[in-house]
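Here my numbering is used: the first residue of the sequence shown is 788, the next is one more, and so on.
Even glycine gets a Cβ: it sits at the ideal position worked out from N, Cα and C.
From a predicted model like this one, the values you see are computed outputs, not experimental measurements.
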Amino acid sequence: MAIKQAKTQNDLSHLIALREGVNAQLKVCEQYKISIPDVLSSIQHEQQKFLMAMQEKL
788 MAIKQAKTQN DLSHLIALRE GVNAQLKVCE QYKISIPDVL SSIQHEQQKF
838 LMAMQEKL
């Protein structure tokens, strides 16, 4: 586990904050029956659209 390998207090705080954020997201997804794979797919699609729009501007 990454938390056990943290070398500084700052690293440890950052990793704990990330863990807590993930736990909060999982709880919300369960509560509202949100599919995590669907969310990831949607994010990837939006990123692709953004990158294509940026390339068109060049």
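Does residue i come out as helix, strand or coil in the three-state DSSP assignment?
i, result
"LYS844", "helix"
"SER829", "helix"
"ILE821", "coil"
"MET839", "helix"
"LYS814", "helix"
"LYS794", "coil"
Quick check: residue i and residue j, are their CB atoms within less than 7 Å of each other?
i, j, result
"LEU805", "ALA793", "no"
Leaving aside the five residues before and after residue i along the sequence, list all residues of the same chain whose C-beta is less than 6 Å from its C-beta, in chain order.
i, result
"ILE821", "none"
"GLU843", "none"
Taking just the CA atoms, how far does residue j sit from residue i?
i, j, result
"MET839", "ASP825", "21 Å"
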